[in-house]
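Q: Taking the working numbering, the leading residue of the sequence shown gets 2, the next gets one more, and so forth.
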Amino acid sequence: METLEVLKEMERDEYRTGIEKIANILATIDDALKEYEIRLFYDGLGMEDVKDIKGYINTLNDLDYQIKTHIQDHISSEHDKKLRYYDEISYQKYLLRCIGSIGFCLYNILTNLKKELGLYSIKDYINENSSLLHLVSTNNHSNQAIRKISDDACMYRCQFHEERRSSMRVNNHKNRLYCYGCGADLDIFHYLSEYEGISLDDAFFLLSEINKICIPENSFKASDEIVRKYTCASALRRYEARLDSCFQRMRHKNKTFNNYLALEKIKQERETIKRIKSNEYIEVPQKKTSKSLRYINHLEEGKRIYAEL
Numbered sequence: 002m003e004t005l006e007v008l009k010e011m012e013r014d015e016y017r018t019g020i021e022k023i024a025n026i027l028a029t030i031d032d033a034l035k036e037y038e039i040r041l042f043y044d045g046l047g048m049e050d051v052k053d054i055k056g057y058i059n060t061l062n063d064l065d066y067q068i069k070t071h072i073q074d075h076i077s078s079e080h081d082k083k084l085r086y087y088d089e090i091s092y093q094k095y096l097l098r099c100i101g102s103i104g105f106c107l108y109n110i111l112t113n114l115k116k117e118l119g120l121y122s123i124k125d126y127i128n129e130n131s132s133l134l135h136l137v138s139t140n141n142h143s144n145q146a147i148r149k150i151s152d153d154a155c156m157y158r159c160q161f162h163e164e165r166r167s168s169m170r171v172n173n174h175k176n177r178l179y180c181y182g183c184g185a186d187l188d189i190f191h192y193l194s195e196y197e198g199i200s201l202d203d204a205f206f207l208l209s210e211i212n213k214i215c216i217p218e219n220s221f222k223a224s225d226e227i228v229r230k231y232t233c234a235s236a237l238r239r240y241e242a243r244l245d246s247c248f249q250r251m252r253h254k255n256k257t258f259n260n261y262l263a264l265e266k267i268k269q270e271r272e273t274i275k276r277i278k279s280n281e282y283i284e285v286p287q288k289k290t291s292k293s294l295r296y297i298n299h300l301e302e303g304k305r306i307y308a309e310l
């Protein structure tokens, strides 16, 4: 990656300190990424690498926020506003594109590393392969249009108390919701438990059956009424409409790291819809001990997909 290529052309004194700081962080993470890719190919990564990669990803998320704040501060300056606006927006887009590409590779490494080391619990796996947007869209009986989207955050009318305005914020790739009216703060399992009036254990099994994830001793069947409620044709059409709305609004945004995560989530959800329609089940992966060279192929494929967005 030529992370510093454009940054070196920026000579204006007022930006130099901020540019150098951000560029140094990106260059450091860029070097670490190359080291991880080499080690993946020759030796594979181990348990001790998980913490480092998570730390880099958190740093990239913080940088994303810092860059946006930095740009907004300069745009709000009183003099030379128009020139600074276009100059800074161009600078912002390039930096965020660098963060997105580096973050994409690190996130892919971390995800595959967790699977390789067996760090995913069954609950984590089901949560990752499920969608809170699917459940909320199915239960949105007012069929209200999405009021606002920020990355993949959708605003709905709250389903836990009576209110005329949209007050419930659903974050899709994190699978969490928060209502600004009643204060409900739920993950996908607690949402299903509260809305359907079932235990958390039953919510866990119900969610696995809805998304066609095969786990032993599941008491729910595809023919059960509560399962068919979320897998019927009308529910899936409503779910697809929400996904298309999210995708169309997000694909033209700056390629931030959160934007990338949201777009990847939508791509995964579309595959889930196909699996539900065709009634195909997937097995929960077991822990693997072998060093896997397939990660490199995943990374190269991922870079190509991200470049096309």
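Backbone N, C-alpha and C fix where the C-beta goes; we use that ideal spot for every residue, glycine too.
State yes or no: is the C-beta of Tyr157 within less than 8 Å of the C-beta of Ser167?
A: The sequence position of residue 157 within the sequence shown is 156, counting from 1. The sequence position of residue 167 within the sequence shown is 166, counting from 1. Contact flag set, yes.
Q: Using only alpha-carbon positions, find the residue among Tyr126, Tyr196, Ile123, Tyr181 that is nearest to Thr139.
A: In the sequence shown, counting from the first residue as 1, residue 139 sits at position 138. Nearest to Thr139 by alpha-carbon distance, out of Tyr126, Tyr196, Ile123, Tyr181, is Tyr196.
Q: Note the first and the last residue of the continuous alpha helix (DSSP H) segment covering Asn259.
A: Walking along the sequence shown from the start, residue 259 turns up at place 258. It spans 258 to 279 - the alpha helix (DSSP H) in which Asn259 sits, taken as one unbroken run.
Q: Just list the residues that DSSP pairs Leu178 with in beta bridges.
A: Start at 1 with the first residue of the sequence shown, and residue 178 comes out as number 177. Per DSSP, Val171, Leu187.
Q: Are Leu193 and Leu208 close, meaning C-beta to C-beta below 8 Å?
A: For this step, residue 193 is matched to residue 192 along the sequence shown. For this step, residue 208 is matched to residue 207 along the sequence shown. Closer than 8 Å, so yes.
Q: Between which two residues does the beta strand (DSSP E) holding Ala154 run?
A: Stepping through the sequence shown from its first residue, residue 154 is reached at position 153. That run of the beta strand (DSSP E) goes 154 to 158.
Q: In this structure, does DSSP put Ile283 in helix, strand or coil?
A: On the sequence shown, position 282 is the one that residue 283 refers to. If DSSP states are grouped into helix, strand and coil, Ile283 belongs with the strands.
Q: Could you pull out every unbroken alpha helix (DSSP H) segment of at least 4 residues lying fully inside the stretch 198 to 244, listed in chain order?
A: 201 to 211, 226 to 232
Q: Comparing alpha-carbon positions, which option in Ile189, Glu163, Asn173, Ile267 lies nearest Gly182?
A: As a position in the sequence shown, residue 182 is number 181, starting the count at 1. Checking every option, the nearest Cα to that of Gly182 belongs to Glu163.
Q: Expressed to the nearest angstrom, what Euclidean distance is found between the alpha-carbon atoms of Asp32 and Gly45?
A: As a working mapping, residue 32 is identified with position 31 in the sequence shown. As a working mapping, residue 45 is identified with position 44 in the sequence shown. Their Cα atoms are separated by approximately 17 Å.
Q: What three-state label does DSSP hand His135 in the structure shown?
A: As a working note, residue 135 is residue 134 in the sequence shown. Looking at His135 - three-state DSSP - the assignment turns out to be helix.
Q: In terms of residues, what are the limits of the alpha helix (DSSP H) holding Asn128?
A: To locate residue 128, count along the sequence shown from 1; it is residue 127. Here the alpha helix (DSSP H) through Asn128 covers 123 to 129.
Q: With DSSP as the reference, label Arg165 as helix, strand or coil.
A: Residue numbering aside, residue 165 sits at position 164 when the sequence shown is read from its first letter. Arg165 falls in the coil class under three-state DSSP.
Q: Helix or strand or just coil, what does DSSP make of Asp53?
A: Along the sequence shown, read from residue 1 onward, the residue named residue 53 stands at position 52. Helix, per DSSP.
Q: Would you identify the three-state DSSP class for His71, choosing helix, strand or coil?
A: Position 70 of the sequence shown holds residue 71. Of the three classes helix, strand and coil, the one that applies to His71 here is helix, per DSSP.
Q: Between Leu244 and Arg271, which are expected to be in contact by the criterion C-beta below 8 Å, what is the C-beta distance as a whole number of angstroms?
A: The count along the sequence shown starts at 1 and reaches residue 244 at position 243. The count along the sequence shown starts at 1 and reaches residue 271 at position 270. Yes, Leu244 and Arg271 are in contact; Cβ-Cβ is about 7 Å, under 8 Å.
Q: Rounded to whole angstroms, how far is the Cβ of Leu136 from the Cβ of Tyr43, which I believe are closer than 8 Å?
A: Residue numbering aside, residue 136 sits at position 135 when the sequence shown is read from its first letter. Residue numbering aside, residue 43 sits at position 42 when the sequence shown is read from its first letter. Between Leu136 and Tyr43 a beta carbon distance of about 44 Å is seen, past the 8 Å cut, so the two are scored as non-contacting.
Q: Whole angstroms are fine: how far does the CA of Glu281 sit from the CA of Met48?
A: Here residue 48 refers to the residue found at position 47 when the sequence shown is read from its first residue. Here residue 281 refers to the residue found at position 280 when the sequence shown is read from its first residue. One C-alpha to the other measures close to 33 Å.
Q: Give the secondary structure of Leu193 by DSSP, where H, G and I count as helix, E and B as strand, and everything else as coil.
A: The residue labelled residue 193 in the question sits at position 192 within the sequence shown. In this structure, Leu193 counts as helix in the three-state DSSP scheme.
Q: Counting contacts by CB-CB distance shorter than 8 Å, is Glu281 in contact with chain B?
A: Here there is only one protein chain, and chain B is not present.
Q: Does the separation of the CB atoms of Ser235 and Asn173 fall below 8 Å?
A: Residue mapping note: residue 235 aligns to position 234 of the sequence shown, counting from 1. Residue mapping note: residue 173 aligns to position 172 of the sequence shown, counting from 1. For the 8 Å CB-CB criterion, Ser235 and Asn173 do not form a contact.
Q: Where does Gly47 fall in DSSP's three states?
A: Against the sequence shown, residue 47 aligns to sequence position 46. Here Gly47 carries a coil assignment [DSSP, helix/strand/coil].
Q: Do Asn128 and Asn176 have their C-beta atoms closer together than 8 Å?
A: Looking up residue 128 in the sequence shown gives position 127. Looking up residue 176 in the sequence shown gives position 175. Yes, the Cβ-Cβ distance between Asn128 and Asn176 is below 8 Å.
Q: Excluding sequence positions up to five away, which residues of its chain have a Cβ less than 6 Å from the Cβ of Leu111?
A: Sequence index remark: in the sequence shown, residue 111 carries index 110 (1-based). For Leu111, where only same-chain residues beyond five positions count, the Cβ hits under 6 Å are Ile54.
Q: Determine the DSSP secondary structure at Gly104, reduced to helix, strand or coil.
A: Indexing the sequence shown from 1 puts residue 104 at position 103. Three-state DSSP puts Gly104 in a helix.
Q: Among Ala154, Ile214, Tyr92, which has the Cα closest to the Cα of Glu21?
A: The residue you call residue 21 lines up with position 20 of the sequence shown. Answer by Cα proximity: Tyr92.
Q: Would you kindly check if the distance between the Cβ of Cys99 and the Cβ of Leu27 is under 8 Å?
A: The residue given as residue 27 occupies position 26 in the sequence shown. The residue given as residue 99 occupies position 98 in the sequence shown. Yes, these two residues count as a Cβ contact at 8 Å.
Q: Where does Asn109 fall in DSSP's three states?
A: Counted from its first residue, the sequence shown places residue 109 at position 108. Asn109 falls in the helix class under three-state DSSP.
Q: Would the C-beta of Met251 count as close to the ligand PLP, meaning under 7 Å from any of its heavy atoms?
A: Among the components of this structure there are no ligands whatsoever, and the ligand PLP is therefore not found.
Q: On a Cα-Cα basis, can you pick out the residue from Lys266, Ala242, Phe258 that is closest to Gly101?
A: Indexing the sequence shown from 1 puts residue 101 at position 100. Nearest option by C-alpha distance: Phe258.
Q: Nearest-angstrom Cα distance between Asp202 and Gly56?
A: The residue you call residue 202 lines up with position 201 of the sequence shown. The residue you call residue 56 lines up with position 55 of the sequence shown. Each residue's alpha carbon lies about 32 Å from the other.
Q: Measure the CB-CB distance between Lys124 and Phe248 and report whether it falls below 8 Å.
A: As a working note, residue 124 is residue 123 in the sequence shown. As a working note, residue 248 is residue 247 in the sequence shown. With contacts defined by Cβ atoms closer than 8 Å, Lys124 and Phe248 do not form a contacting pair.
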